[in-house]
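Going letter by letter, the sequence shown gives residues 492 to 810 in full-length UniProt numbering. We put the CB at the ideal spot given by N, CA and C, even for glycine. The block underneath contains the structure these notes are about, expressed in C-alpha cells.
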Amino acid sequence: LIPQPSPIGDQKAITEDGHSISVVANILGVGDAQLAIDFGAQGVGNLRTELLYLERLTPPTEEEQFNIYRAIADILNPYPLTIRTVDIGGDKPVPYLNLEGEKNPFLGWRGIRQSLECEDLFKTQLRAILRASEGNNIRLMFPMVASVGEIRAAKAMLTEVKQELQEKGIGFNPKIPVGVMIEIPAAVIMADKIAPEVDFLSLGTNDLSQYIMAADRTNAKVAKLADGFEPAVLRMVAQTVKIGHKEGIKVSVCGQIASNSQAVPILIGLGVDELSVNPPSIGKVKEVISGLKLEEVQKLADQVLNLESAQEVKDFING
Ligand code: PEP
Ligand code: MG
C-alpha cells in the first residue's frame with residue numbers, strides 16, 4: 492500500500508450532506524509533524540510524548556521539551572497540537588523511574604497515575620507545554636484517567652504551574668484547553684462526572700478494547716479479542732459521545748480504529764467529531780468521510796450496536 496496525500500489537501504473532510512469532520516494526526520515527534528501536514532492533517536490529535544522519555548538515563552529537561560513542542564506547534568500553526576502527557580509503563584525500561592518488575596504493567600503504574608506521584612517530572616512537562624502554548628494552538632491531554640479525582644488533582648498541579656509562571660512573568664496561554672483520554676472503562680461509566688471537568692474527550696480505543704475485553708493487547712494468544720469492532724467497545728464509544736455532547740464538548744477517537752476505513756462510517760454515525768489517525772491514512776479517511784451521508788451512517792451505527800460480535804460487525808459493514 493502506497494500512502495497517498497489527501498486529494499483535498501488540508502481542507503476539512505465534509506460528508507455528502509455537508510457535515511464537517513476534522514481529521515488530525517497521531518504523531519511521535521518533530522519528524523512526523525511535517526509529514527502529517529503534507530498528508531493533509533488539520534493538526535495533531537495525539538502527540539505521544541513517550542519517545543522523549545525513553546532510551547536515556549535522565550528525564551528530558553524543560554528546555555529540551557519546550558524546544559520540541561514549540562517546533563511542532565510552529566509547523567502546525569494555525570492548526571492545533573494536542574500534547575498528551577507521558578504514559579510509560581512497566582513494560583519499558585526507564586532507569587530514572589524505577590518501573591521494573593510489574594506483573595501486569597497494563598494494570599499498573601502508568602499515565603496519569605504515575606505523573607501525579609512524580610510531581611517534579613510532571614510539573615516539568617506541564618511547564619514546557621504551557622510555555623510552548625504562548626501564541627500557539629496547543630491543547631493538553633491526560634492519559635489513563637480512571638476517575639474524576641485524578642483529573643482534579645492533575646488540574647490542581649496545572650494551576651500551580653500556571654501561578655509559578657505568572658509570578659515569574661513567563662508567557663503562556665492561560666486558557667489552554669484541557670482534555671482527557673477515555674481509555675479505561677471506568678472513565679466511560681463516569682463520563683457524566685468527567686466531562687464537566689474538561690474541554691474535550693479523546694477515546695483511546697486501543698486500551699479501551701483491551702480493558703473492556705480483559706485481553707492484553709501485547710499477548711498474541713488473546714490480543715485478537717481486544718478488537719475495536721466489538722459491539723461492547725462501540726457501545727462505549729456511543730455512550731461517551733452522547734455524554735460529551737450533552738456537556739457541549741467534542742469527542743475524538745485517537746485509537747488505531749480511527750485509521751480503519753471500515754470503522755470510519757460507524758464512528759461518524761456514532762457522532763464522533765474528530766478522528767486522529769496515522770499520517771499515511773489521512774487521505775483515505777477523508778475520502779471515506781466525503782462519501783458518507785450522516786443520516787445513513789447514523790442508521791448503520793444504530794444497527795451495528797445491536798450486533799453480537801466484532802466479526803458480525805465486520806460482515807455487516809462488508810455487506
Ligand atoms: C489508545 O489506547 O487507544 C491510545 C491512543 O493510546 P496508546 O495506544 O498510546 O496507549
Ligand atoms: Mg492508551
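| message | For a test of the three-state rule: what should DSSP assign to ALA678, helix, strand or coil? | response | helix
Check your understanding: Just to confirm, does GLU674 get its C-beta within under 8 Å of one of the non-hydrogen atoms of the ligand PEP?
Key -> yes
Practice item. Could you give the DSSP three-state label for ASN589: helix, strand or coil? Key: coil
query: Cα-Cα, which of GLU555, GLU787, VAL755 and GLN794 is closest to SER513?
result: VAL755
Below 8 Å, is the gap between the Cβ of MET635 and the nearest heavy atom of the ligand MG? yes
* Asked: By DSSP, does ALA706 sit in helix, in strand, or in coil?
  -> coil
Practice item. Give the DSSP-derived three-state secondary structure of ALA516 in the structure shown. Key: strand
Does the beta-carbon distance from ALA619 to GLU553 come in below 9 Å?
yes
CB-CB under 7 Å to GLY760, same chain, minus the five flanking residues each way: which ones, in chain order? VAL788, GLN789, LEU791 and ALA792
Sub-9 Å separation of SER606 and ILE667 beta-carbons: no
Problem - Member of ARG561, LYS741, PRO687 and VAL577 whose CA lies at the smallest distance from the CA of LEU621 - result: ARG561
Practice task
Would you give the residue range spanned by the alpha helix (DSSP H) that ILE673 belongs to?
Solution key: That residue, ILE673, is in no alpha helix (DSSP H); its beta strand (DSSP E) goes 669-673.
ASP582 beta carbon near the ligand MG (any heavy atom closer than 8 Å)
no
- Message: Any beta carbon from chain C within less than 9 Å of ALA677's own beta carbon?
- Response: No chain C appears in the structure shown, which is made up of a single protein chain.
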